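Respectively, the protein sequence lines represent chains A and B. Just so it is clear: in the first sequence, position 126 is 125 by numbering that gives the first Met the number 0, and no numbers are missing. Just so it is clear: in the second sequence, position 76 is 75 by numbering that gives the first Met the number 0, and no numbers are missing. Glycine residues also receive a C-beta, built at the ideal position from the N, C-alpha and C atoms. Fair warning: this is a prediction, and the values are worked out from it, not measured in the lab. In what follows, a structure is listed as structure tokens, so that the remarks can point back to it.
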Amino acid sequence: MRHLLSIDDLSKAEIEAILDRAESFAEVGRRDIKKVPTLRGRTVVTLFYESSTRTSSSFELAAKRLSADLVSVKAAGSSVDKGESLKDTVATLSAYEPAAIVIRHPHAGAAQLVAGWADAAVVNAGDGKHEHPSQALLDVYTLRRRLGSLEGKRIWIVGDVLHSRVARSNLIAFQAMGAKVTVCGPPALIPRGLEQLGCEVAHSLDRLGEADVVYALRLQRERMQESFVPSIREYAAHFQIDSRRLSPRQLLMHPGPVNRGVELSGEVIDSPQSLIAEQVRSGLVVRMAILYELLASRDGKPEPAVGNGAQATPIGQPA
Amino acid sequence: MSKTQLEIRAGESADLVLRGVSVLDPIAGIDAQHDVVIRDGKVAELAPPGSVASEDFETIDATGLHAFPAFFDPHVHLRTPGQEHKEDIETGSRSAAAGGYCGVLAMANTEPPVSTPADVEALREDARTAASVRIGFLATVTRGMEGEELTEMASLRDAGAAGFSDDGLPIRSARLLRRALQYQRLCGGTIALHEEDPELSGAGAMHEGAVSAALGLEGIPSISESTMIARDAAIAGYEGGRIHVQHLSAVESIEAVRAAKAAGIQITCEASPHHLCLTDEEVRSLDPQRFKMNPPLRTEADRQALIEGLRDGTIDCVATDHAPHAPEEKEVPFEQAAMGVTGLETAFASLHTELVLPGVLDLGLLVERMSAGAEPFEVERSSLAPGSEANIALCDLAAEWTVGEDGYESRSANSWCAGRTLTGRVLMTLAGGQVAYRLRSFSMGVAA
Numbered sequence: 000m001r002h003l004l005s006i007d008d009l010s011k012a013e014i015e016a017i018l019d020r021a022e023s024f025a026e027v028g029r030r031d032i033k034k035v036p037t038l039r040g041r042t043v044v045t046l047f048y049e050s051s052t053r054t055s056s057s058f059e060l061a062a063k064r065l066s067a068d069l070v071s072v073k074a075a076g077s078s079v080d081k082g083e084s085l086k087d088t089v090a091t092l093s094a095y096e097p098a099a100i101v102i103r104h105p106h107a108g109a110a111q112l113v114a115g116w117a118d119a120a121v122v123n124a125g126d127g128k129h130e131h132p133s134q135a136l137l138d139v140y141t142l143r144r145r146l147g148s149l150e151g152k153r154i155w156i157v158g159d160v161l162h163s164r165v166a167r168s169n170l171i172a173f174q175a176m177g178a179k180v181t182v183c184g185p186p187a188l189i190p191r192g193l194e195q196l197g198c199e200v201a202h203s204l205d206r207l208g209e210a211d212v213v214y215a216l217r218l219q220r221e222r223m224q225e226s227f228v229p230s231i232r233e234y235a236a237h238f239q240i241d242s243r244r245l246s247p248r249q250l251l252m253h254p255g256p257v258n259r260g261v262e263l264s265g266e267v268i269d270s271p272q273s274l275i276a277e278q279v280r281s282g283l284v285v286r287m288a289i290l291y292e293l294l295a296s297r298d299g300k301p302e303p304a305v306g307n308g309a310q311a312t313p314i315g316q317p318a
Numbered sequence: 000m001s002k003t004q005l006e007i008r009a010g011e012s013a014d015l016v017l018r019g020v021s022v023l024d025p026i027a028g029i030d031a032q033h034d035v036v037i038r039d040g041k042v043a044e045l046a047p048p049g050s051v052a053s054e055d056f057e058t059i060d061a062t063g064l065h066a067f068p069a070f071f072d073p074h075v076h077l078r079t080p081g082q083e084h085k086e087d088i089e090t091g092s093r094s095a096a097a098g099g100y101c102g103v104l105a106m107a108n109t110e111p112p113v114s115t116p117a118d119v120e121a122l123r124e125d126a127r128t129a130a131s132v133r134i135g136f137l138a139t140v141t142r143g144m145e146g147e148e149l150t151e152m153a154s155l156r157d158a159g160a161a162g163f164s165d166d167g168l169p170i171r172s173a174r175l176l177r178r179a180l181q182y183q184r185l186c187g188g189t190i191a192l193h194e195e196d197p198e199l200s201g202a203g204a205m206h207e208g209a210v211s212a213a214l215g216l217e218g219i220p221s222i223s224e225s226t227m228i229a230r231d232a233a234i235a236g237y238e239g240g241r242i243h244v245q246h247l248s249a250v251e252s253i254e255a256v257r258a259a260k261a262a263g264i265q266i267t268c269e270a271s272p273h274h275l276c277l278t279d280e281e282v283r284s285l286d287p288q289r290f291k292m293n294p295p296l297r298t299e300a301d302r303q304a305l306i307e308g309l310r311d312g313t314i315d316c317v318a319t320d321h322a323p324h325a326p327e328e329k330e331v332p333f334e335q336a337a338m339g340v341t342g343l344e345t346a347f348a349s350l351h352t353e354l355v356l357p358g359v360l361d362l363g364l365l366v367e368r369m370s371a372g373a374e375p376f377e378v379e380r381s382s383l384a385p386g387s388e389a390n391i392a393l394c395d396l397a398a399e400w401t402v403g404e405d406g407y408e409s410r411s412a413n414s415w416c417a418g419r420t421l422t423g424r425v426l427m428t429l430a431g432g433q434v435a436y437r438l439r440s441f442s443m444g445v446a447a
């Protein structure tokens, strides 16, 4: 694996290899010293053009747990504010010879462009409404821990699919792992032609009972100004996941941040069947595994010449 | 009614012989091998092959090569005034000549837009010193392309405007288009229309369909184009006006034009080589340099309908919508990139490679549609019939070349064909009776 740009680039076996690696990091996380020396002497840059809590903090902590040097750049307050182009910003950061660049950008294809310009391994931490592959991996990881396998499981992705990169990446990943996916939402929020990705499309929650897992998406409040839905109340009346619609045997997921009382009612968020907090915990170990696979795995790309201290150290040896 | 005026750099009239060349001019009914004798910038004679020997004039052994009536492109962006970092009259016309074109019509969406008689006069004067092919300049329909008031269309015609277009933008107001078509009765000048409903297009970056769904890009639905064509055809029909629909992309649009033509409305239309060769599947690469333009690349069904429309005459002509952009406007994420690709240098070769060689389109038909873009704008078509001004594209249909390998004549490199290997190459172009272009590696006067 040279970069992580799209979940579509990964086979089922490659996804599983990352999840297995994440399991071993979960074991490291239970130790007193939660740090391994794997990436000592190597630099990881995180470059965020959009606000983020979960993704940026977990990538940053993942890099630190792997002993990498970390440079965090946020567009706000950087040269980007002064009109520097993405290409020039990447050229600037490349001067530090980073081993990896983790980028979030409001436009599709940004990570791919960076991969073409930089020598570093590039991780797509969300590009526009296109993809969010690390989210898909942590969601598959979370489900695999709970269910053992996704094979034959029915997963409903409910909400604003049109504007969701999580929906796209998860749809691909869930299907790659053998699950059957239904996307559900108001017609204007389901992109035309999406069924050609192999999923089923529904416009009501009537058959939600068939789902093993309900994956709810965030509905941004500005969507009603654009007439995608007439009102939040109307949306909630038809598509909110609440304790009436969710049966106790179903698992509930959400990528965060949640709009309480919009796509989810308060009581289901805090219910035992909710995996939302578990997803955040998975984020850290899966992102450690992603950086490991890209930078330290034997079947990854050849090690760049960065001098001593850059050798991959087997995990399990404390730093 | 003033006739459309085109400008070209004053130069030496061509005197040469194309020996043994295969002449194909479907309109003149010529399809045979000849010695084409060009004297004083005119086709003097089509003599039996190998019969002409001249020591006074350059003689080119053109056995195995083809001579076509040079092409005419009714839709190019020369970017001057205001955006000369992308293109200007000299580079744009050289690019046209390299593609076998003898004439082009330049769009008016420059900075500032071409909206006054003085703007048109200044451009014509520039062309008289810088253009290697004949250039006509369109003026905008609305002042400054702001879509609010009509330009002084009659004065613009008097100043030599070749027609009118707000290309780049639609004319949103049906009332304003109606007024322009009423005024057309006074001043002539075809109105060329970029058909798009901005309400339906929104911030779309590509065709709305399965690929946009997969990429998470906002889509431009086909109906954004076709509903406006239907509206404007109805207005043109009501006023007896003449409109030319630019860059058709969707099957619904072709149906709308077909219906309008059947109803007797004076409507013509064009399709671009990229819409005839590519589909939205290309956008999966997220490469805006080659695949971002407006209207967007659509589906295979749309492409097939365009080909069928070209064949049955619903689509009158091929037009490139040559739209040069600087690297910094294209080396950005897809949604942020400028719309448009260049096409002059590759139009014939790409269509020859993608449609003629696989047997989809007849060579004669392609040649005819490549020069037919003159007619909607009252420009005389190029011809190889004796007595005609020499406007000739000399092509080697077997030559293979990789696009961009030797750079471009255009100032910009955003060719949708970049990196493709094409079969068929323009070796030499005569435009307005002058030698406008000669491929660098094409040696001169090789025949004894």
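**OP:** Select from the segment 237 to 262 of chain A all residues with a C-beta closer than 9 Å to any C-beta belonging to chain B, and list them in chain order.
**Re:** none
Subject >> Boundaries (first-last residue) of the alpha helix (DSSP H) holding isoleucine 231 of chain A >> reply: Against the first sequence, residue 231 of chain A aligns to sequence position 232. Looking at the DSSP string, the run of the alpha helix (DSSP H) that includes isoleucine 231 of chain A is 231 to 238.
**OP:** Would you list the residues sitting across from glutamate 319 of chain A in a DSSP beta bridge?
**Re:** The question about residue 319 of chain A has no answer here: the residues shown for chain A are numbered 0 through 318.
Subject >> Beta-carbon neighbours of glycine 108 of chain A, restricted to chain B and to distances below 7 Å >> reply: Here residue 108 of chain A is taken as the residue at index 109 of the first sequence, counted from 1. By Cβ distance, chain B contributes Leu285, Pro332 and Phe333.
Subject >> Inter-residue Cα distance where the pair is serine 271 of chain B and serine 78 of chain A >> reply: Here residue 271 of chain B corresponds to residue number 272 of the second sequence, with the count starting at 1. Here residue 78 of chain A corresponds to residue number 79 of the first sequence, with the count starting at 1. Going from the Cα of serine 271 of chain B to the Cα of serine 78 of chain A covers about 40 Å.
Original post:
From proline 303 of chain A to alanine 99 of chain A, what distance separates their C-alpha atoms?
Top reply: Here the question's residue 303 of chain A lines up with position 304 in the first sequence. Here the question's residue 99 of chain A lines up with position 100 in the first sequence. Confidence at proline 303 of chain A is low in this model, with a pLDDT of 42, below 50, so the placement of that residue is unreliable and no value is reported for it.
Subject >> Neighbourhood of threonine 352 of chain B by C-beta, 7 Å cutoff - its chain only, sequence neighbours within 5 removed >> reply: In the second sequence, residue 352 of chain B corresponds to position 353, counting from 1. Cβ neighbours of threonine 352 of chain B beyond the five flanking positions: Leu421, Thr422 and Gly423.
**OP:** Would you check if the segment 201 to 216 of chain A and the segment 110 to 126 of chain A touch, i.e. whether three or more CB-CB distances between them fall below 8 Å?
**Re:** no
Subject >> proline 256 of chain A to valine 140 of chain B span [Cα, whole Å] >> reply: Taking the first residue of the first sequence as 1, we reach residue 256 of chain A at position 257. Taking the first residue of the second sequence as 1, we reach residue 140 of chain B at position 141. So the two alpha carbons sit approximately 49 Å from each other.
**OP:** Work out the CA separation of cysteine 394 of chain B and cysteine 316 of chain B for me, nearest whole Å.
**Re:** Position 317 of the second sequence, counted from the first residue, corresponds to residue 316 of chain B. Position 395 of the second sequence, counted from the first residue, corresponds to residue 394 of chain B. Taking the straight line from one Cα to the other gives about 20 Å.
**OP:** State whether the segment 187 to 202 of chain A contacts the segment 204 to 212 of chain B, with contact taken as three or more CB pairs (one from each stretch) at a distance under 8 Å.
**Re:** yes
**OP:** Measure how close the beta-carbons of lysine 81 of chain A and phenylalanine 47 of chain A come, nearest whole angstrom, since I'm counting them as under 8 Å.
**Re:** Translated into positions along the first sequence, residue 81 of chain A becomes position 82. Translated into positions along the first sequence, residue 47 of chain A becomes position 48. No, lysine 81 of chain A and phenylalanine 47 of chain A are not in contact; Cβ-Cβ is about 17 Å, not under 8 Å.
Original post:
Given that a residue counts as buried once 16 or more other Cβ atoms are within 10 Å of its Cβ, and exposed if not, what is aspartate 72 of chain B?
Top reply: Position 73 of the second sequence, counted from the start, is the residue given in the question as residue 72 of chain B. Classification for aspartate 72 of chain B: buried.
Original post:
For chain A, is any of its Cβ atoms less than 8 Å away from the one on glutamate 207 of chain B?
Top reply: One-based indexing of the second sequence puts residue 207 of chain B at position 208. True, the Cβ-Cβ gap to chain A drops below 8 Å.
Original post:
For glycine 444 of chain B, which of helix, strand or coil comes out of DSSP?
Top reply: Mapped onto the second sequence, residue 444 of chain B falls at position 445. Bear in mind that a pLDDT of 49 at glycine 444 of chain B, under 50, signals an unreliable position, so the model cannot answer this.
**OP:** Please work out which residues of its chain come closer than 6 Å, Cβ to Cβ, to isoleucine 156 of chain A, disregarding the five sequence neighbours upstream and downstream, and give them in chain order.
**Re:** The residue given as residue 156 of chain A occupies position 157 in the first sequence. Excluding sequence neighbours, isoleucine 156 of chain A sits near Ala166, Val182 and Tyr214.
Original post:
Tell me the DSSP bridge mates of valine 43 of chain A?
Top reply: Counted from its first residue, the first sequence places residue 43 of chain A at position 44. Bridge partners of valine 43 of chain A: A:Leu69 and A:Ala99.
Subject >> Euclidean distance between Cα positions of alanine 322 of chain B and glutamine 245 of chain B >> reply: Counting from 1 along the second sequence, the entry for residue 322 of chain B is found at position 323. Counting from 1 along the second sequence, the entry for residue 245 of chain B is found at position 246. Spanning the two alpha carbons is a distance of roughly 14 Å.
Original post:
Considering only the beta carbon of each residue, do arginine 41 of chain A and alanine 67 of chain A sit closer than 8 Å?
Top reply: For the purposes of this step, residue 41 of chain A is taken as the residue at position 42 of the first sequence. For the purposes of this step, residue 67 of chain A is taken as the residue at position 68 of the first sequence. Yes, the pair counts as a contact, with Cβ atoms nearer than the cut-off.
Subject >> Start-to-end residues for the beta strand (DSSP E) that takes in glutamate 269 of chain B >> reply: Locating residue 269 of chain B in the second sequence gives position 270, where the first residue counts as 1. 265 to 270 is the span of the beta strand (DSSP E), which, as asked, contains glutamate 269 of chain B.
Original post:
Is the CB-CB distance between methionine 292 of chain B and glycine 339 of chain B below 8 Å?
Top reply: Numbered from 1 along the second sequence, position 293 holds the residue referred to as residue 292 of chain B. Numbered from 1 along the second sequence, position 340 holds the residue referred to as residue 339 of chain B. Yes, Cβ-Cβ distance for methionine 292 of chain B and glycine 339 of chain B is below 8 Å.
Subject >> Within chain B, partners of lysine 179 of chain A - CB distance below 9 Å >> reply: Along the first sequence, one-based indexing puts residue 179 of chain A at 180. Neighbours of lysine 179 of chain A on chain B: none; closest Cβ ~19 Å, over 9 Å.
Original post:
Comparing the C-beta of serine 200 of chain B with each C-beta of chain A, is any distance below 8 Å?
Top reply: Residue 200 of chain B sits at position 201 when you count from the first residue of the second sequence. Cβ-Cβ to chain A under 8 Å: no for serine 200 of chain B.
Original post:
Going by other Cβ atoms of all chains shown within 10 Å of its Cβ, with 16 needed for buried, is arginine 327 of chain A buried or exposed?
Top reply: Any property of residue 327 of chain A remains undetermined from this structure, which presents chain A solely from 0 to 318.
Original post:
Tell me which same chain residues have a C-beta within less than 6 Å of the C-beta of alanine 232 of chain B, skipping the five on either side of it?
Top reply: Here residue 232 of chain B refers to the residue found at position 233 of the second sequence. Cβ neighbours of alanine 232 of chain B beyond the five flanking positions: Ala259, Ile264 and Ile266.
**OP:** Report yes or no: do the segment 105 to 112 of chain B and the segment 374 to 394 of chain B share at least 3 C-beta pairs separated by less than 8 Å?
**Re:** no
**OP:** Quick one: which residues of the segment 77 to 108 of chain A get their C-beta closer than 8 Å to a C-beta of chain B? List them in chain order.
**Re:** Ser84, Leu85, Lys86, His104, His106, Ala107 and Gly108
Original post:
Does proline 186 of chain A come within less than 8 Å of chain B when only Cβ atoms are used?
Top reply: Within the first sequence, the letter at position 187 stands for residue 186 of chain A. No - not a single Cβ of chain B is within 8 Å of the one on proline 186 of chain A.
**OP:** Starting from serine 211 of chain B, find everything on chain A with Cβ-Cβ shorter than 9 Å and list it in chain order.
**Re:** Within the second sequence, the letter at position 212 stands for residue 211 of chain B. Result: Pro190, Arg191 and Gly192.
**OP:** At 7 Å on the CB atoms, spell out the chain A contacts of leucine 214 of chain B, in chain order.
**Re:** Counting from one through the second sequence, the residue named residue 214 of chain B turns up at place 215. Under the 7 Å cutoff, chain A gives Ala107 and His129.
Original post:
How many Å lie between alanine 325 of chain B and valine 228 of chain A at the Cα?
Top reply: In the second sequence, residue 325 of chain B corresponds to position 326, counting from 1. In the first sequence, residue 228 of chain A corresponds to position 229, counting from 1. Looking at the two C-alpha atoms, the distance is approximately 40 Å.
**OP:** With DSSP as the reference, label histidine 324 of chain B as helix, strand or coil.
**Re:** Locating residue 324 of chain B in the second sequence gives position 325, where the first residue counts as 1. In this structure, histidine 324 of chain B counts as coil in the three-state DSSP scheme.
Original post:
Would you say valine 340 of chain B faces chain A, with C-beta separation under 8 Å as the test?
Top reply: Looking up residue 340 of chain B in the second sequence gives position 341. No, valine 340 of chain B lies away from the interface with chain A (no Cβ there is under 8 Å from its Cβ).
Subject >> Neighbourhood of alanine 160 of chain B by C-beta, 7 Å cutoff - its chain only, sequence neighbours within 5 removed >> reply: The residue labelled residue 160 of chain B in the question sits at position 161 within the second sequence. Closer than 7 Å at the Cβ level, and outside the excluded window around alanine 160 of chain B, lie Val119, Phe136, Leu137, Ala138 and Gly188.
Subject >> Within chain A, partners of glycine 218 of chain B - CB distance below 8 Å >> reply: On the second sequence, position 219 is the one that residue 218 of chain B refers to. Ordered by position in chain A, the residues that pass the 8 Å Cβ test against glycine 218 of chain B are Pro190 and Arg191.
Original post:
For the segment 172 to 180 of chain B against the segment 268 to 287 of chain B, are there 3 or more C-beta pairs whose distance is under 8 Å?
Top reply: no
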